[in-house]
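To keep things clear, I will list the structure first and then write my remarks on it.
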Amino acid sequence: MNLFDLAEAPILMAPLRAALEHPMAGAFASFEGWVRDNNDGRAVDGLRYEAYAELARKEGERVLREAFEKFAIVDARCVHRIGELAVGELAVWVGVSAAHRGAAFDACRYIIDEVKSRVPIWKHERYREGDAGWLHPTPAPPEH
Amino acid sequence: MNLFDLAEAPILMAPLRAALEHPMAGAFASFEGWVRDNNDGRAVDGLRYEAYAELARKEGERVLREAFEKFAIVDARCVHRIGELAVGELAVWVGVSAAHRGAAFDACRYIIDEVKSRVPIWKHERYREGDAGWLHPTPAPPEH
Amino acid sequence: MAVVTVLYFASLRDTRGLASEQVESSAPDLQALYAELQSRHGFSLPVNRLRVAMDGDFAGWGDGVRDGSEIAFIPPVSGG
Amino acid sequence: MAVVTVLYFASLRDTRGLASEQVESSAPDLQALYAELQSRHGFSLPVNRLRVAMDGDFAGWGDGVRDGSEIAFIPPVSGG
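Protein chains in written order, with this note's numbering: chain Y, 81 to 224; chain R, 81 to 224; chain D, 6 to 85; chain W, 6 to 85.
This is the structure:
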C-alpha cells in the first residue's frame, strides 16, 4: 500500500482514516485542504491540479517516509487530488495516528508542508473575471 | 449552537465537520483522541469519563472562544465523550477551519491542549489485571 | 454558619462514597472548608492540587463560603 | 549529440504548446539544455526558479544530458 497517492476522483476519507486505526494509537491528527473561493484577493470559481505523476508519487512517498523517521507515529497517509475541482472540494488529505498527540500534530504538519513545497503538483486557478493562470509561488512558497 | 459539547453516545464526526465548511476556508485541521490499549505501561481494557457537566460545558466554551480570539480561524468545534468507552473508541474530537493551514493547526492544538488541562473531565481506567483507577495527573498534565 | 451543597467527583467521590452532600460549616473561606472536609473524610489530595468552584463556576480559595451555594472541589483533570 | 524527450508542465507546457517533445542537443549539462530551450521557446521562468528531473527522479543542473533520457523542468510547485 502506498503511503502517498494521487487521486483523479473525489478522495474518500473514511477508509483512509480507518486504515490508520491501531489499539496503541491514542491520537489522530488530520489535515484537509479545501478549494477556497478566493486567492490573493481574487474570486476563484474552481481549479485544476496537474502533476508530474511519476515523480510526484516518488517524492510524496519520500515525504511520508521522512515523517516516520522524524516523529514517533504509528501510521500516516496522504492523498492529493488531480484534475478539475470546484470550490469547497477536498484537494488534499493527510492523516496521522500516534500514541501521543504531539507527534501526530507535528508529523501531520510536516507532511502537508513538505508536500506543498516539494511534490511536483501545480494549481491552475480559474477566476470569476474569466481569466485563469498557473500558480508558481516565489521563492519560498507562501504559507497558504 | 454550542462550540463545545459533551456527548453520552458515540460522537458523529461527519455532521460536525460539515458544519465547519465555508467557501473562504482553505484549510481544515482536526484531532481525535482514541482510547488506547495501554497507559503508563499498563494494559487498558476500557475506561469511563466523568464530567462536572455544568462547569465542563462552560469552560469548554471559553476555550473555544479563546481560540477564535487568538487565531485567524473561520470556525471550530469540540466534542468530548462521557460514560463508558472501549479501546479504539473516539474520546474527543476537535475540528477547525481557517483560510490558511497555520491558524487551523495552531487553533486545533490550542483547543485540545486547553481542554485536556482545564475542562473538568476525569478518566477512570480499567486495567487488564482487574483493578481500576482515576487519573489525576501531577502537577502539569503530561503530554498524552 | 453556612449550609452548602458539596459536589464530589472522581477520586474524591470514591473516597467520600457520595456524589454530593449538605454540609454545615463556619469555615471562613473555601480553603478552610476543604481542610475541614479533608480531615473529616481523609481525602488524600492536598488543596494545592485542587481547584474549587462555587455555583457552577471557578472560584478562589480565599472566597467566602456563600450560604446556600453549591461547591465543588475539582481534582486534577484527565480528559482527552 | 544526445536525443532526449523533454516533458513540459504547467506554465512551461502552456508556453511551449506541447506536453513533451523529442529534442536533439549537444548541451553539456541540464542547465545548458534549459538555456537552449528557453531561448528557443521564450520561457519566462529563470533556471534558478526551476528544478530538473531526469528519468523520473530529481537531478542536478550540472548533470550531463543522457542520450535517450526523459527530462522534465519543474516549475515552482503549488499543490495543497
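All C-beta atoms, glycine included, are put in the ideal place defined by N, C-alpha and C.
{"Asked": "Classification of D/V8 by the beta-carbon crowding that lies within 10 angstroms, buried from 16 upward", "Found": "exposed"}
{"Asked": "Interface flag, Y/P217 vs chain W, CB-CB below 8 Å", "Found": "yes"}
{"Asked": "D/P51: contacting residues in chain R (beta-carbon distance under 8 Å)", "Found": "Going along chain R, no residue has its Cβ under 8 Å from D/P51, so there is no contact; the nearest lies around 10 Å."}
{"Asked": "Residue-chain proximity (D/R86, chain R), Cβ-Cβ < 8 Å", "Found": "What is shown of chain D runs 6 to 85, which leaves residue 86 of chain D out entirely."}
{"Asked": "Distance between beta carbons of R/A171 and R/A178, contact taken as under 8 Å", "Found": "The Cβ separation is near 24 Å, so there is no contact."}
{"Asked": "Ranges of the alpha helix (DSSP H) found wholly within the segment 93-166 of chain Y, counting only runs of at least 4", "Found": "93-98 and 133-150"}
{"Asked": "Whole beta strand (DSSP E) elements within the segment 170-207 of chain Y, 3-residue minimum", "Found": "170-178 and 201-207"}
{"Asked": "Buried or exposed (CB count within 10 angstroms, at least 16 for buried), Y/E88", "Found": "exposed"}
{"Asked": "Min CB distance Y/L135 to chain W below 8 Å", "Found": "yes"}
{"Asked": "Under 8 Å between C-beta atoms of D/L35 and D/V57", "Found": "yes"}
{"Asked": "Secondary structure of W/D62, DSSP reduced to three states", "Found": "strand"}
{"Asked": "Classification of W/G22 by the beta-carbon crowding that lies within 10 angstroms, buried from 16 upward", "Found": "exposed"}
{"Asked": "Where the segment 109-139 of chain R meets chain D: residues whose CB sits under 7 Å from a CB there", "Found": "G113, Y129, E130, Y132, E134, L135 and K138"}
{"Asked": "Beta-carbon separation (whole angstroms), R/V159 vs R/W173, contact threshold 8 Å", "Found": "5 Å"}
{"Asked": "C-alpha distance - R/G163 paired with R/W114, whole-angstrom precision", "Found": "14 Å"}
{"Asked": "Test: R/K150 CB closer than 8 Å to a CB of chain D", "Found": "no"}
{"Asked": "Cβ-based neighbour list, W/V28, same chain, cut-off 6 Å, excluding 5 preceding and 5 following", "Found": "V9 and V11"}
{"Asked": "Three-state secondary structure (DSSP) of D/L42", "Found": "helix"}
{"Asked": "Under 8 Å by beta carbon: chain R residues contacting Y/V101", "Found": "Note on identity: in this sequence residue 101 of chain Y is Glu, with Val being the wrong assignment. Correct list: W114 and G168."}
{"Asked": "C-beta neighbour in chain Y for W/V9, strict 8 Å", "Found": "no"}
{"Asked": "Residue-level contact to chain Y via CB, W/S83, 8 Å cutoff", "Found": "yes"}
{"Asked": "Neighbour list for R/F84 in chain Y, Cβ cutoff strictly below 9 Å", "Found": "Chain Y residues near R/F84: none, gap ~18 Å exceeds 9 Å."}
{"Asked": "Test: R/M256 CB closer than 8 Å to a CB of chain Y", "Found": "As displayed, chain R neither begins before 81 nor continues past 224, which places residue 256 of chain R out of reach and without an answer."}
{"Asked": "8 Å Cβ cutoff, Y/H160 in contact with chain C", "Found": "You won't find chain C in this structure, because its protein chains are Y, R, D and W."}
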